[in-house]
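In our numbering, the protein residues as written are 18 to 311. Ideal placement from N, C-alpha and C gives every residue a C-beta, glycine not left out. Here's the structure we're looking at; comments come further down.
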């Protein structure tokens, strides 16, 4: 029997996963803030239309499902909590498609049933003005190696979104967090990936990444000294016009995920007694850009 699947939050990431599920016969029920007839993903020459509708009322959920993909930002989890209540039973697996290393803590606080699977999202998907989503590369998820994660892998088996299970999920999650943290500099500069070609920005980025690396290691991540250089090289290899979700939120005037992407380094650094002078500067500026006043 096919599992019953739901996607909560049909933005760029949610649409990509919904399209992947649809292509392999696991078309999900879709829930979000805005009613829509369907979702559309564009990837190269492919165009995938996922039938809707996108439902906006938790009363329309129809009961618990086997698998929920929660694809809202950390700033939207509280608002999505009614959907989790409506869709989750004791055996529901909730795969969190979200940034950060605190997914389990954040989402579990809003669950009365279900089991949370954190994930690392490794694909560039961008929402387009016409409502479609442009997938600019291959789609891949990394999950911890647990029985719940295998439910997710089975649902996406054979799809355009590959799933890998990692024995050392902590190290990979912190590596992705370092990437997300340095992307916050794009918000402060108001520029896209091309900015990392500047020598001064590259120098600042490496210093910030080394600071984050020290905190990650204190949290149990096994990451080499080369990781900052590898991550910077990745940004320098992106198309100059490549953005990031936190920059898109800033440009649209939406709240920023500054705490789970950048604030966590400052918080955990202080807990371990690690100096974080760059975070001491970057985090208040990102917080102010997000929350004001002014």
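To the nearest whole angstrom, what separates the beta carbons of residue i and residue j, a pair I think is in contact under 8 Å?
i: residue 306; j: residue 273; result: 6 Å
i: residue 161; j: residue 183; result: 6 Å
i: residue 6; j: residue 235; result: Nothing can be reported for residue 6: it is not among the residues displayed for the chain, which extend from 18 to 311.
i: residue 95; j: residue 127; result: 7 Å
i: residue 45; j: residue 75; result: That pair is no contact at about 16 Å.
Per DSSP, residue i is paired with what?
i: residue 181; result: 159
i: residue 47; result: 24 and 71
i: residue 194; result: None; residue 194 has no bridge partner.
i: residue 239; result: Per DSSP, none; premise fails for residue 239.
i: residue 268; result: Answer is none; residue 268 lacks a bridge partner.
i: residue 143; result: 151
i: residue 63; result: 60
i: residue 135; result: 113
i: residue 85; result: 23 and 111
i: residue 55; result: 68
Excluding five sequence neighbours on each side, which residues of the same chain lie with their C-beta closer than 6 Å to the C-beta of residue i?
i: residue 211; result: 257
i: residue 194; result: 118
i: residue 66; result: 55 and 57
i: residue 227; result: 245
i: residue 238; result: 187, 188 and 191
i: residue 289; result: 235
Please list, in chain order, all residues of the same chain as residue i whose beta carbon is under 7 Å from its beta carbon, the five residues on each side excluded.
i: residue 155; result: 140
i: residue 180; result: 158, 160, 169, 170 and 173
i: residue 197; result: 116 and 278
i: residue 286; result: 232, 293 and 296
i: residue 219; result: 213 and 249
Are the beta-carbon atoms of residue i and residue j separated by less than 8 Å?
i: residue 28; j: residue 47; result: no
i: residue 92; j: residue 73; result: no
i: residue 24; j: residue 31; result: yes
i: residue 275; j: residue 201; result: yes
i: residue 261; j: residue 142; result: no
i: residue 300; j: residue 270; result: no
i: residue 87; j: residue 124; result: yes
i: residue 21; j: residue 71; result: no
i: residue 89; j: residue 130; result: no
i: residue 59; j: residue 149; result: yes
i: residue 249; j: residue 223; result: yes
i: residue 78; j: residue 178; result: no
For a cutoff of 8 Å on Cβ pairs, would you count residue i as touching chain B?
i: residue 254; result: Among the chains of the structure shown, chain B does not appear; only one protein chain is present.
Using a Cβ-Cβ cut-off of 8 Å (strictly less than) and excluding sequence neighbours within five positions of residue i, which residues of its own chain qualify?
i: residue 302; result: 205
i: residue 64; result: 57 and 58
i: residue 121; result: 113, 133 and 135
For this session: Say whether the segment 123-140 touches the segment 104-112, bearing in mind that this needs 3 or more beta-carbon pairs closer than 8 Å, one atom from each stretch.
Result: yes
Exercise. Does the segment 96-106 come within contact of the segment 183-199, defined as at least 3 CB pairs closer than 8 Å?
Worked result: no
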